[in-house]
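Same order as they appear, the protein sequences are chains C and A. Those letters in the first sequence? Residues 1 to 104, per full-length UniProt numbering, in order. Those letters in the second sequence? Residues 1 to 282, per full-length UniProt numbering, in order. The C-beta atom is built at its ideal place from N, Cα and C for all residues, glycine as well.
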Amino acid sequence: MTLKVETTIKESVFTIILKGLIDYSTVDEFNSFQVPENVSRIIVSFKEVDFIDSTGIGSVLTLIHFASDHDIQVEFVDLDDSTRELFETIGVFKVMEALLKEGR
Amino acid sequence: MLGSDTASHIRHENDPDYTTLLREIQLARNIQRKLLNGERPPLRSGEISGISIPARMIGGDYFDFYPLDNGKIRFIIGDVMGKGIPAAMLMILTRGAFRSAAGSAGSPGETLTAMNNAMYKDLRILNSFVTVCCADWDPRTGQFVYANGGHNSPILVRSQNRTMELPNPKGVMLGGLSGQVYIENEIYLQQDDLIFFYTDGVIEAQNRAKQMYKIDRLVPLLKEHADKQVSEIESIVVEELDHYTEGLPQRDDITIVMLKMGRRLKIGRRMLECRIKRNEDV
Numbered sequence: 001m002t003l004k005v006e007t008t009i010k011e012s013v014f015t016i017i018l019k020g021l022i023d024y025s026t027v028d029e030f031n032s033f034q035v036p037e038n039v040s041r042i043i044v045s046f047k048e049v050d051f052i053d054s055t056g057i058g059s060v061l062t063l064i065h066f067a068s069d070h071d072i073q074v075e076f077v078d079l080d081d082s083t084r085e086l087f088e089t090i091g092v093f094k095v096m097e098a099l100l101k102e103g104r
Numbered sequence: 001m002l003g004s005d006t007a008s009h010i011r012h013e014n015d016p017d018y019t020t021l022l023r024e025i026q027l028a029r030n031i032q033r034k035l036l037n038g039e040r041p042p043l044r045s046g047e048i049s050g051i052s053i054p055a056r057m058i059g060g061d062y063f064d065f066y067p068l069d070n071g072k073i074r075f076i077i078g079d080v081m082g083k084g085i086p087a088a089m090l091m092i093l094t095r096g097a098f099r100s101a102a103g104s105a106g107s108p109g110e111t112l113t114a115m116n117n118a119m120y121k122d123l124r125i126l127n128s129f130v131t132v133c134c135a136d137w138d139p140r141t142g143q144f145v146y147a148n149g150g151h152n153s154p155i156l157v158r159s160q161n162r163t164m165e166l167p168n169p170k171g172v173m174l175g176g177l178s179g180q181v182y183i184e185n186e187i188y189l190q191q192d193d194l195i196f197f198y199t200d201g202v203i204e205a206q207n208r209a210k211q212m213y214k215i216d217r218l219v220p221l222l223k224e225h226a227d228k229q230v231s232e233i234e235s236i237v238v239e240e241l242d243h244y245t246e247g248l249p250q251r252d253d254i255t256i257v258m259l260k261m262g263r264r265l266k267i268g269r270r271m272l273e274c275r276i277k278r279n280e281d282v
């Protein structure tokens with residue numbers, strides 16, 4: 001199984017659509033996109049994600065830290081119950097809350 | 001196709017760099033196995049066990065036991081992001097942080113705070129993280145205090161055959177945020193109660209139909225065999241996973257840590273019963 005990453009930009013909103021498996025074998029694809037300059041918001045859609053492992057979550061975490069460093073807002077959409085539960089257990093939402101709401 | 005694979009294999013075997021690399025991986029595997037299978041703390045009552053089966057030659061899962069001066073045992077289970085050699089290197093970093101923190105921190109929560117403080121910068125530079133659950137168990141009284149840094153909650157099987165996932169204090173993974181304080185939960189174990197810690201590799205093991213094993217299968221299995229010794233339960237779970245995955249290659253490291261409560265000390269029993277009653281909702 002593979003991962004397909006589709007990106008679009010509209011005004012200052014950068015949208016990333018993830019399709020397939022995000023794990024150790026496919027994560028390079030997730031890490032390959034470049035966030036364009038002058039982006040103020042990143043939306044990541046997990047609607048077509050079949051499975052995400054810890055390596056994938058590591059990339060998600062890196063994106064959050066990148067956004068925090070560059071004062072960009074991040075939103076994760078279309079998470080299924082198991083991905084949401086995983087993010088909650090590991091603490092992804094707490095990291096988002098702490099890093100992306102401060103000073104806004 | 002077979003011919004080209006074989007030729008490639010032979011070419012590698014004759015390559016001195018390849019042979020050296022293979023030897024170094026083997027040595028690294030031995031180091032990891034020895035560190036994970038270190039001496040278990042002696043118990044006058046109760047049982048403990050731990051096993052880690054890496055998906056590759058070496059893995060990123062970690063567990064450890066650290067006897068404290070007050071008679072309690074502090075232990076930890078952890079899962080480093082990723083697999084193989086990179087994860088194994090971070091597992092050693094995690095072990096060093098735990099060993100260093102366990103001797104000086106006053107509680108499981110403080111241990112995780114100290115570990116996060118020690119590892120945070122390195123983990124951020126490496127874009128990595130570690131999930132951990134740390135607990136103090138007093139085999140004499142049954143007191144069990146735990147804190148969680150992004151890991152699965154342990155499963156408690158009461159001796160009356162009641163199973164439950166322990167409430168998760170939901171701390172952030174190590175390497176997620178700096179300066180974290182980890183909340184602790186406390187319960188009291190009764191005789192023959194079993195606590196089962198595990199890493200993702202257990203519940204995410206897949207069969208040929210790509211269905212995961214999931215906690216819904218694990219809990220009834222534990223409930224059925226909770227009256228056995230922990231070494232037996234360990235073998236049953238590993239065999240069950242092997243059977244479930246139908247011989248497919250293991251996708252993720254599998255680690256299991258168990259403790260089973262023996263007889264409590266009679267001293268202070270009345271006080272203890274009161275404390276158990278207060279924690280009955282857990």
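In this structure the segment 10-30 of chain A does not touch the segment 219-232 of chain A; the number of beta carbon pairs closer than 8 Å is below three. Only 65, 88, 89, 90 from the segment 65-90 of chain C bring a Cβ to less than 8 Å from some Cβ of chain A.
Counting C-beta pairs with one atom in each stretch, the segment 136-150 of chain A and the segment 188-204 of chain A have three or more that are closer than 8 Å, which means they touch.
Here residue 94 of chain C is buried, its C-beta having at least 16 other C-beta atoms within 10 Å. Spatial neighbours of residue 40 of chain A in its own chain (CB-CB distance under 7 Å, excluding positions within 5 residues in sequence) are listed in chain order as 48, 65. CA-CA distance, residue 209 of chain A to residue 151 of chain A, rounds to 27 Å.
Counting only runs of 4+ residues, the alpha helix (DSSP H) found wholly inside the segment 34-80 of chain C occupies 54-69, in chain order. Per DSSP, the continuous beta strand (DSSP E) segment holding residue 18 of chain C begins and ends at 13-22. Our two residues, residue 212 of chain A and residue 72 of chain A, have alpha carbons roughly 36 Å apart in a direct line. When Cβ-Cβ separations below 7 Å define contact, residue 150 of chain A makes contact with chain C. The CB of residue 131 of chain A comes closer than 7 Å to the CB of 90 in chain C, given here in chain order.
Proximity of chain C to residue 109 of chain A at the Cβ level (cut-off 7 Å) is not reached, the minimal Cβ distance being about 15 Å. For the 7 Å CB-CB criterion, residue 98 of chain A and residue 255 of chain A do not form a contact. In the structure shown, residue 249 of chain A adopts coil according to DSSP, grouped into three states. Contact of residue 168 of chain A with chain C by beta-carbon distance below 8 Å involves 89. Think of a sphere of 7 Å around the beta carbon of residue 15 of chain C: no beta carbon from chain A falls inside it, the nearest being about 22 Å out.
Chain-order list of chain A residues neighbouring residue 95 of chain C: 172, 176, 177, by C-beta distance under 7 Å.
In the displayed model, residue 62 of chain A falls within a strand according to three-state DSSP.
Within the DSSP bridge table, the entry for residue 164 of chain A names A:156 as partners. Note that the C-beta distance between residue 112 of chain A and residue 149 of chain A is below 7 Å. Residue 5 of chain C has C:18 as its beta-bridge partners, per DSSP. Nearest to residue 32 of chain C by alpha-carbon distance, out of C:74, C:60, C:84, is C:60. For residue 198 of chain A, no alpha helix (DSSP H) encloses it; the enclosing beta strand (DSSP E) starts and ends at 194-198.
Against chain A, the CB of residue 54 of chain C has a partner CB under 7 Å away; the residue lies at that interface. With a threshold of 16 other beta carbon atoms within 10 Å, residue 45 of chain A falls short and is exposed. Interface annotation, residue 58 of chain C: in contact with chain A, CB-CB separation under 7 Å. DSSP, read as helix, strand or coil, puts residue 184 of chain A in strand.
In the displayed model, residue 244 of chain A falls within a helix according to three-state DSSP. Scanning C:39, C:96, C:75, C:2 for the CA closest to the CA of residue 12 of chain C turns up C:39. Shown here for residue 258 of chain A: same chain residues with a beta carbon closer than 6 Å to its own, the five before and five after excluded, namely 49, 196, 230 in chain order. Take residue 100 of chain C, set aside five residues on each side of it, and the residues of its chain with a beta-carbon closer than 8 Å to its own are 64, 67, 68, 73, 74, in chain order.
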